[in-house]
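Have a look at the structure below, then the notes.
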Amino acid sequence: MTLDITIVLVALPAIAQDLQLSLSGGQWVINAYSLAFASLLLSAGSISDIIGRRTIFLVGHLLFLAASIACILSSSEAMLIAARAVQGAGGALVFGTSIPLLSDSFRAHESRERTRAIAILMGASAAASALGPLVGGFLVEYGAWEWIFIINIPIGIFTIIATLIFVPDLHRAGLLEDDNAQELPPLDIGTVFIAAAMLFSLNYGIISGAERGWTDGFVLLSFSAAILLFVLMTGIQLSKGNRAMIDMRLFAIPSFSAVTFAAFAARMFSFGMMPFLVLWLSGHVGLSALEIGYVSTAMAGPIVIFAAVGLKLGNYIRLGFVQAIGMIIVAIGLGLGLLIQPDSSWQALIPAYVVIGMGTGVMLPHLMDLAVSVVPRGRTGTASGIANTALPLGTSFGVAVYGAYLSDSIRNALGEVPHIPAEISAALATAAEAGQFTVIERFSAELAHTALEAFVDGLHGIFIIAAVLAIVGAIACAIFIRDTHTHEH
């Protein structure tokens, strides 16, 4: 499911040409999925705590399959965006229940086996996201853009059949066998909608802020709505105590709060910056979609390899220190991103990608296991939903913040060029933001070089911001995360 967040990146040009997408339409083909995914992920875990993991897992797959077929048949911008939103909703139901479903398969004393299983799942998920551009580039290069959605159909059908045959719904049985289990709260439809609306408003404000401006009335309204809905949801849930569907008291557990922040930061300093690196690789370096995919393997490979290293480290040192080590390695990799210069080739990005992949591989295996191991067994779905929601939120927040920074860098640089009318400067800046340096070069080679320098300066700023975030995350993990596998309220 996380593959579909990144696989569309390199297919966008082909989709835009076929469906005549507008610039904003192309952005929403990506954002509609991540918005729906993040908005429903929190509620998916909570609902699975009540209805059952396997049921929600299967419903999510059916929804995802139906939406994939709708994407294939889309003949307009609006239809494709709507189908992508439904696809994101189905993906949230699947991803939000996969870790709790896996966690329920192990008994309380089987923490090491559970850790290994969840680490494999998280490593596969991270590798799938990192390999998205490669898979998308291959399918577009040798087929058509529809193939990035067709590939979901056989995989989905196989998963549904395998789940029905081999995966029992152990959730309720596990609760009944646990003497310390809490009584299940009732299904709270109101909370589901409030949580989804809150996260949708927050995501929409973050994504639109970079495009419309942070002081735009609609953006401010979105943030205000998110805050009000959060206050409302928090008040309602706290008033219900043990009957709360989304237990906000989980954030009183320092380890859980730190893990949630680490998940948010991990996506912000990795996939949050990916769209801008793709623009640089395609617009300046001139790589094809498939070639960009090949470059992405420099990050995906180390993620898979160093996941095993992260697992081994967990046997010798505190998991909080493992997370901190991973983030420090990521910070070093981000620093290597400063090697990129206006005249650099794609090889300049490889050291950064490799080291970032190494650090990400070290930290990812333990993120979700920590999230579900420090809370009561009956609340693992809620804990998983909260921690997993932090991942796409980190991506969205990264795209918005980095995009705003890059846009300011380019517009300020072009705005300082003398004797250029404001409207022409703005048009050139828009082209530069899209990585269309060849278009600017037709107008003026000197302006194209200025725009490219500003773009690279913006990338440097993005790498620095992300590195600082990684260092802050490392400190938080080292201080607050404790290796606790049971917790009582």
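Residue 647 is where the sequence shown starts when you use this note's numbering, and the numbers rise one by one after that.
Positions of the beta carbon are idealized from the N, C-alpha and C atoms, including for glycine.
Judged by their CB atoms, ILE764 and SER749 are nearer to each other than the 8 Å cut-off. Proximity to THR1028 across SER854, ARG699, ALA657 peaks at ARG699, based on C-alpha coordinates. Within the same chain, and ignoring the five residues on either side of ILE852 in sequence, the residues whose Cβ sits closer than 6 Å to its Cβ are SER1042, PHE1043, ALA1046.
Between THR1035 and LEU845, the C-beta gap is smaller than 8 Å, which places the two residues in contact. Rounded to the nearest angstrom, the Cβ distance from ALA953 to GLY1007 is 5 Å, consistent with a contact under 8 Å. Contact check for ARG1057 against ALA1068 fails: the beta carbons are separated by 8 Å or more. Using a Cβ distance threshold of 8 Å, MET919 and ILE1108 count as a contacting pair. Cβ neighbours of LEU704 within its own chain (closer than 7 Å, five residues either side excluded): ILE806, THR809. By the criterion of at least three beta-carbon pairs nearer than 8 Å, the region 988-1006 is not in contact with the region 734-752.
In the structure shown, the three-state DSSP call for GLU1062 is coil. Counted as a single uninterrupted DSSP element, the alpha helix (DSSP H) harbouring PHE804 occupies residues 798-812.
Around the beta carbon of PHE1083, a 10 Å sphere encloses 16 or more other beta carbons of the protein chains shown; the residue is thus reported as buried. About 20 Å separates the CB atoms of LEU896 and ALA872; that is not less than 8 Å, and the two are not in contact. The Cβ atoms of GLN733 and SER714 lie closer than 8 Å to each other.
In the three-state reduction of the DSSP assignment, ASP815 falls in the coil class. Pairing VAL786 with ALA935 gives a Cβ-Cβ distance under 8 Å. Sixteen is the threshold: when 16 or more other Cβ atoms of the shown chains lie within 10 Å of the Cβ of ARG1025, as they do, the residue is buried.
DSSP, read as helix, strand or coil, puts PHE910 in helix. Burial check for ARG913: the Cβ neighbour count within 10 Å reaches 16 or more, so the residue is buried. Residue state for ASP1054 is assigned as helix, using DSSP reduced to three classes. Looking only at GLN883, ALA843, THR906, THR652, the smallest Cα-Cα distance to PHE795 is reached by THR652. Shortest Cα-Cα distance from PHE917 to any of ILE951, SER775, GLY863 involves SER775. LEU709 is positioned such that its CB atom lies closer than 8 Å to that of LEU739. Sequence-distant partners of VAL968 (beyond 5 residues in either direction) whose C-beta falls short of 8 Å from its own C-beta, in its chain, are GLY956, LEU959, GLY960, VAL1008, MET1009, HIS1012. Nearest to ILE975 by C-alpha distance, out of TYR962, LEU985, ALA998, is ALA998. Here GLY859 has VAL865 as same chain residues with Cβ atoms under 8 Å from its own Cβ, once five neighbours each way along the sequence are excluded. Counting along the chain, PHE869 sits inside the alpha helix (DSSP H) bounded by residues 863-886. Taking ALA1116 as the centre and dropping the five residues before and after it, the same chain places the C-beta of ALA911, PHE915, MET973, VAL976, ALA977, LEU980 closer than 7 Å to its C-beta, in chain order.
Contact between SER928 and GLY1081 holds, since their C-beta atoms are separated by about 6 Å, short of 8 Å. For PHE1101, the closest C-alpha among the options ALA1120, SER901, ILE1125, GLY1049 is that of GLY1049. Annotation for ILE803: LEU711 place their beta carbon closer than 8 Å to its own, counting only its chain and skipping 5 residues before and after.
In the DSSP assignment, ASP1015 falls within the alpha helix (DSSP H) that extends over 996-1019. In terms of CA proximity to GLU723, GLN666 leads the group ASP695, PHE683, GLN666.
Taking a C-beta distance under 8 Å as the contact criterion, VAL1118 and ALA1033 do not qualify as a contact pair. If you draw a straight line from the Cα of GLY983 to the Cα of LEU1060, it is about 24 Å long.
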